[in-house]
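Those protein sequence lines, which keep their order, are chains V and F.
Each number in my numbering comes from the position in the first sequence (counting from 1) with 1 added on.
Each number in my numbering comes from the position in the second sequence (counting from 1) with 2 added on.
All residues carry an ideal CB built from backbone N, CA and C; glycine is no exception.
First comes the structure, then the notes that go with it.
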Amino acid sequence: MAFVKVAARDTQQDTANPRALEYDALELQLHDESADVRRWAARDLVDCPSASRMLVGRLHEEGDASVREVILTALTIRGDDIAMTGLVECLRSEHVSLRNEAVEAMKQLPEKMAPIIRELLGDPDPDVRIFAVNILESLRHPEVESWLISVIETDPELNVCATAVDLLGEVGSPAARLPLHRIKERYADVPYIQFAAEVALSRLGGE
Amino acid sequence: MKRILIVDDAGTVRMYHRKILESAGFAVEEAVNGIEAIEKSLQRAFDLYIVDVNMPKLDGYGFLRELREQKLAQVPAIMVSTEAESADQSQAYAAGANAYLIKPVKPDELKSLVKLLIGEPR
Chain V
2 MAFVKVAARD
12 TQQDTANPRA
22 LEYDALELQL
32 HDESADVRRW
42 AARDLVDCPS
52 ASRMLVGRLH
62 EEGDASVREV
72 ILTALTIRGD
82 DIAMTGLVEC
92 LRSEHVSLRN
102 EAVEAMKQLP
112 EKMAPIIREL
122 LGDPDPDVRI
132 FAVNILESLR
142 HPEVESWLIS
152 VIETDPELNV
162 CATAVDLLGE
172 VGSPAARLPL
182 HRIKERYADV
192 PYIQFAAEVA
202 LSRLGGE
Chain F
3 MKRILIVDDA
13 GTVRMYHRKI
23 LESAGFAVEE
33 AVNGIEAIEK
43 SLQRAFDLYI
53 VDVNMPKLDG
63 YGFLRELREQ
73 KLAQVPAIMV
83 STEAESADQS
93 QAYAAGANAY
103 LIKPVKPDEL
113 KSLVKLLIGE
123 PR
């Protein structure tokens, strides 16, 4: 399909815009049999105006971890709406490596993630909410603690709360003490929550 | 003493599993992802692995596949995950897990399963 698109392009336009031809060639190379060629194409596409669309499209098909890494890096460099939407969609993938790689990539984008993290924390899929909490770990945003407290106070899923409790122990302040005591009461019969909340409380100080 | 490697990127989870297993008499070491787990496995022998699914760098499935391709193919592994669907469990067994536990694990459940797989600590 991409070859047909190149052949059909107006010759005069191509002469006027040689970069367009170059980008068409890179898009083809993004689907090459050789992982080396795909990796270089992903790297070189980063300046192309429509790169995010091409890279996101390739990301879900790409089987080579080293190529995915370059694609994800390119998407984090671009950081536009298409790139961000593409990264968020990875959280719903059945491909475990892709999901985890996307989480790590999104941790590199605190300013871009902050506006959408609240939406992710309210996602109907508890796995997505767990990934959102994991992303909060490196967000360095002033509301991180209040978001985590909100999670442990309101989220109906045990494992989402457990992940938030873990993180509160690392980034929380004494303001998290009362919510941690409350979640201990709420999950009084869950040994892990008892353990994790105690660990968090011991780290927070303030008592 | 039998030695268990806990592979999980969540520090509190590693502490929790360590506490349970050490209280049962096992020796425990930790790795924060699949890459570190492979490195530790090449340095010393373990009797059992307890492996999280979602980890950066090399996830639990990837680690188990690597493990099963090496000389450590016979060492039993328990996969732990927040994902309770049967498809996730099937994927774990296909990757080489001997058992699958849903997080958060209960202490008695973990101890019983470990003893079932590798027997008493000594």
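Beta-bridge analysis with DSSP links Asp54/F to Val82/F.
Under DSSP, the beta-bridge partners assigned to Glu31/F are Leu7/F. For the stretch 162-180 of chain V, the residues whose beta carbon sits under 7 Å from a beta carbon of chain F are, in order, Ala163, Asp167, Gly170. Under DSSP, the beta-bridge partners assigned to Ala101/F are Ile80/F. Taking the C-beta atoms as reference points, Glu63/V is found no nearer than 8 Å to Arg54/V. The stretch 189-208 of chain V and the stretch 43-59 of chain F do not touch, with fewer than three beta-carbon pairs separated by less than 8 Å. The C-beta of Pro180/V has 16 or more other C-beta atoms within 10 Å across all chains shown, which makes the residue buried. Neighbourhood of Glu186/V in chain F, by CB distance below 7 Å: empty, with the nearest CB roughly 17 Å away. Taking 8 Å as the upper bound for CB-CB distance, Leu7/F and Phe48/F are in contact here, some 5 Å apart. By the rule that beta-carbons nearer than 8 Å mark a contact, Leu159/V touches chain F. No Cβ-Cβ contact shorter than 8 Å links Ala133/V with Ile150/V. Contact annotation for Val145/V against chain F: no contact, minimum CB-CB distance about 17 Å [criterion: below 7 Å]. One alpha carbon belongs to Lys108/V, the other to Asp33/V, and they sit about 29 Å apart. Here Gln30/V carries a helix assignment [DSSP, helix/strand/coil]. Excluding sequence positions up to five before and after Leu169/V, its CB lies within less than 6 Å of the CB of Leu149, Ala177, Ala201, all in the same chain and listed in chain order. Shown here for Ser139/V: same chain residues with a beta carbon closer than 6 Å to its own, the five before and five after excluded, namely Lys108 in chain order. For His182/V, the three-state secondary structure derived from DSSP is helix.
When the beta-carbon positions are compared, Arg67/F and Ala29/F stay at least 8 Å from each other.
Under a criterion of Cβ atoms nearer than 7 Å, the residues of chain V adjacent to Gly64/F are, in order, Ser98.
With contacts defined as CB atoms closer than 8 Å, Leu73/V and Ala36/V fail to qualify as a contacting pair.
If you draw a straight line from the Cα of Val71/V to the Cα of Asn56/F, it is about 20 Å long. Here DSSP, grouped into helix, strand and coil, assigns Pro111/V to helix. Listed along the chain, the chain V residues whose CB falls inside 9 Å of the CB of Val30/F amount to none; the nearest CB is some 15 Å away. Around the beta-carbon of Pro116/V, fewer than 16 other beta-carbon atoms lie within 10 Å, marking it exposed. Between Val57/V and Leu76/V, the C-beta spacing is below 8 Å. Taking all protein chains in view, the Cβ of Tyr95/F is surrounded by fewer than 16 other Cβ atoms within 10 Å, so the residue is classified as exposed. With respect to chain V, the C-beta atom of Asp10/F has no partner C-beta closer than 8 Å. Within the same chain, and ignoring the five residues on either side of Lys59/F in sequence, the residues whose Cβ sits closer than 6 Å to its Cβ are Asn35, Ile37.
The residues Gln30, Leu31, His32, Asp33, Arg59, Glu63, Asp65, Val68, in chain order, have a CB closer than 8 Å to that of Arg39/V in the same chain once the five nearest residues on each side in sequence are set aside. By the neighbour-count definition (other C-beta atoms within 10 Å, threshold 16), Gln93/F is a buried residue. Secondary structure of Leu169/V (DSSP, three-state): helix.
The three-state reading of DSSP puts Glu63/V in coil, since its state is none of H, G, I, E or B.
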